[in-house]
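Position 322 of the sequence shown, counting from 1, maps to 325 under the working numbering, and the rest follow consecutively. Report on the following structure.
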Amino acid sequence: MKVLVTGSAGFIGSALCLRLLARGDHVIGLDNHNDYYDPALKEARLARHAEHHNYTHIRIDLADRSAMEHAFADHKPQGVINLAAQAGVRYSIENPLAYVNSNMVGFAHVLEGCRHNAVEHLVYASSSSVYGANTTMPFSVHDNVDHPLSLYAASKKANELMAHTYSHLYGLPTTGLRFFTVYGPWDRPDMALQKFTRAILSGKKIQVFNYGKHRRDFTYIDDIVEGVVRVLDKPATSNPEWSGDHPDSGSSMSPWLVFNIGNNNPVDLMDYIEALENALGKKAEKIFLPLQPGDVPDTYADVNDLVEQFNYKPSTTVDEGIAQFTRWYLEYYES
Numbered sequence: 004m005k006v007l008v009t010g011s012a013g014f015i016g017s018a019l020c021l022r023l024l025a026r027g028d029h030v031i032g033l034d035n036h037n038d039y040y041d042p043a044l045k046e047a048r049l050a051r052h053a054e055h056h057n058y059t060h061i062r063i064d065l066a067d068r069s070a071m072e073h074a075f076a077d078h079k080p081q082g083v084i085n086l087a088a089q090a091g092v093r094y095s096i097e098n099p100l101a102y103v104n105s106n107m108v109g110f111a112h113v114l115e116g117c118r119h120n121a122v123e124h125l126v127y128a129s130s131s132s133v134y135g136a137n138t139t140m141p142f143s144v145h146d147n148v149d150h151p152l153s154l155y156a157a158s159k160k161a162n163e164l165m166a167h168t169y170s171h172l173y174g175l176p177t178t179g180l181r182f183f184t185v186y187g188p189w190d191r192p193d194m195a196l197q198k199f200t201r202a203i204l205s206g207k208k209i210q211v212f213n214y215g216k217h218r219r220d221f222t223y224i225d226d227i228v229e230g231v232v233r234v235l236d237k238p239a240t241s242n243p244e245w246s247g248d249h250p251d252s253g254s255s256m257s258p259w260l261v262f263n264i265g266n267n268n269p270v271d272l273m274d275y276i277e278a279l280e281n282a283l284g285k286k287a288e289k290i291f292l293p294l295q296p297g298d299v300p301d302t303y304a305d306v307n308d309l310v311e312q313f314n315y316k317p318s319t320t321v322d323e324g325i326a327q328f329t330r331w332y333l334e335y336y337e338s
């Protein structure tokens, strides 16, 4: 298959490209290489792609309409995986317009490219953040998600709605994946795991928000990638039992679906930190702080639909995943 992966120099995008390349797909990677975090890390990730003859890279921005039109017309992908987005809940409070340009305008350009070039399936990254003020656990795709707590979350919910419109009007199969706290080797420097690791190794205190009472459905990168690939290979179809009288939020009369992709096993933040301390062989000094604006106290994914439809469930434990992360971190940053 010829697959366009946007955000291909990113944490999840790079790992996904390698998985697709390894199975023989031709991958067109697209990334704007912005400086939200160290571009050198993005270049190092891309260097791994260059070892494969079936990889093509293009450096453009999703918000550049003309460039996106040419990218689709020139490469004619059969499948598209949209992972490019302005990331970060907290940064969305400081710079909300960045999320409008990338996550909404850019996503519209992806949808238009799929519409006009007979793309067989669009898979796109949504987020557990869409659950916002929801408190019923575990979070289910069949629950209403109309109360986001950050513009980042709102932009991801908007992506789901935009995709539904294209599925309905143009018959474009679209599948949204609500990622739950992805972690692992090659992750972003602004994510908690790298922040904690840097601080612990340098003897500085780590900031622990919500006084350490967070619970997160931490999901290892390899588990996420496996789920994305399985979903890509099975284009969304309509739900024949869907009814406007009793609408289901996770499916549609159109070829549109959303799934949670998480570990289905929430872990206390303090246990997560302890696993990192054990892997590093060093204790963390902690500063306990209140809940940050835009954050939710807990995330917990109901992944029953993913299990039933794709025979798939994440399996990597936090101890295993963090051990893999620390080995990479020490080799990449400390060697």
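Idealized CB from N, CA, C, for every residue including glycine. Being a predicted model, the structure only gives us computed values, none of them experimental.
task = With DSSP as the reference, label T139 as helix, strand or coil.
result = Residue state, collapsed to three classes: coil.
key: Beta-carbon spacing of H145, G253 below 7 Å   = Yes, they are a contact pair.
ask   = Given that a residue counts as buried once 16 or more other Cβ atoms are within 10 Å of its Cβ, and exposed if not, what is N266?
value = N266 comes out buried.
message = Please tell me whether A2 and D322 are closer than 7 Å, where the distance is taken between their beta carbons.
response = As shown, the chain starts at 4 and ends at 338. That puts residue 2 outside it, with no answer to give.
ask   = When the Cα of Y40 is compared with those of L23, D193, I15 and L24, which residue comes out closest?
value = Closest option to Y40, Cα to Cα, is D193.
query = Anyone know if the C-beta pair for G116 and M71 falls short of 7 Å?
reply = Yes; because the gap between Cβ atoms is below 7 Å, this pair is in contact.
task = Pull up the CB-CB distance for L283 and I224, whole angstroms please, since I reckon it's below 8 Å.
result = Actually they do not touch by this definition, with Cβ atoms about 19 Å apart.
7 Å Cβ cutoff met for T9 and L24 = Not a contact, by the Cβ cut-off of 7 Å.
query = Do S257 and S246 come within 7 Å of each other at the CB atom, strictly closer than that value?
reply = Not a contact, by the Cβ cut-off of 7 Å.
Distance between N37 and N98 (C-alpha atoms, nearest Å) = Going by C-alpha positions, N98 is about 15 Å away from N37.
ask   = Can you tell which of L175, S105, P188 and L172 has the C-alpha that lies nearest to the C-alpha of A157?
value = The candidate whose alpha carbon is nearest that of A157 is S105.
ask   = To the nearest angstrom, how far is it from the Cα of T302 to the Cα of M140?
value = Straight-line Cα distance between these residues: approximately 8 Å.
query = In chain order, what residues of the same chain have a beta carbon less than 7 Å from the beta carbon of P80, not counting five sequence neighbours either side?
reply = The beta carbon of P80 is closer than 7 Å to those of K5, V6, L7, I31 and V122 in its chain, skipping five residues each way along the sequence.
request  = Identify the continuous alpha helix (DSSP H) that holds L154 and give its terminal residues.
outcome  = L154 to Y173 is the span of the alpha helix (DSSP H), which, as asked, contains L154.
inquiry  = In whole angstroms, give me the CA-to-CA distance for N281 and L19.
reply    = Take the alpha-carbon of N281 and the one of L19: they are about 29 Å apart.
request  = Give the C-beta separation of V148 and N137 to the nearest angstrom, bearing in mind that I take them to be a contact with Cβ-Cβ under 8 Å.
outcome  = Going by Cβ atoms, the distance from V148 to N137 rounds to 7 Å, so yes, they are a contact pair.
task = Count the other C-beta atoms from every protein chain shown that fall within 10 angstroms of the C-beta of E229, then say buried if there are 16 or more, exposed otherwise.
result = With a threshold of 16 other beta carbon atoms within 10 Å, E229 meets it and is buried.
ask   = In or out: N85 buried (at least 16 other Cβ within 10 Å) or exposed?
value = When all chains shown are included, N85 counts as buried.
ask   = Tell me the DSSP bridge mates of V30?
value = Note: V30 sits in a beta bridge opposite V6 and Y58.
query = Which word fits F14, buried or exposed, when buried means at least 16 other C-beta atoms lie within 10 angstroms of its C-beta?
reply = Around the beta carbon of F14, 16 or more other beta carbons lie within 10 angstroms, which makes this residue buried.
request  = Check whether the Cβ atoms of S255 and R181 sit closer than 7 Å, and answer yes or no.
outcome  = S255 places its beta carbon 7 Å or farther from that of R181.
ask   = Do you know whose CA, among T200, K159 and L196, lies nearest T178's CA?
value = Checked all of T200, K159 and L196; the closest Cα to T178 is K159.
message = Taking only three categories from DSSP, how would you classify R22?
response = In the displayed model, R22 falls within a helix according to three-state DSSP.
ask   = Start and end of the alpha helix (DSSP H) containing L196?
value = It spans A195 to S205 - the alpha helix (DSSP H) in which L196 sits, taken as one unbroken run.
task = Could you give the DSSP three-state label for Q89: helix, strand or coil?
result = Three-state result, Q89: coil.
task = Name, in chain order, the residues that DSSP records as bridge partners for S130.
result = Listed as beta-bridge partners of S130 by DSSP are F182.
key: Host alpha helix (DSSP H) of W331 (start-end)   = Its alpha helix (DSSP H) spans residues V321 to Y332.
inquiry  = Just verifying my parser: in three-state terms, what is the DSSP assignment at G116?
reply    = In this structure, G116 counts as helix in the three-state DSSP scheme.
task = Report the option in Y169, N268 and V185 whose CA atom is closest to the CA atom of G16.
result = When each option's Cα is compared against that of G16, the closest is V185.
query = When the Cα atoms are used, what is the spatial distance from Y335 to L100?
reply = Spanning the two alpha carbons is a distance of roughly 33 Å.
ask   = To which residues does DSSP link W259 through a beta bridge?
value = Paired residue(s): T177.
ask   = If you run the structure through DSSP and keep just helix, strand and coil, what is R48?
value = R48 falls in the helix class under three-state DSSP.
message = Quick check on the DSSP output: what are the complete alpha helix (DSSP H) runs of length 4 or more inside the stretch 205-272, in order along the chain?
response = Counting only unbroken stretches of 4 or more residues, the alpha helix (DSSP H) elements lying wholly within the stretch 205-272 are 224-235, in sequence order.
Cβ shell of H171 (< 6 Å), same chain only, five flanking positions each side left out = Excluding positions up to five away in sequence, the list reads S257.
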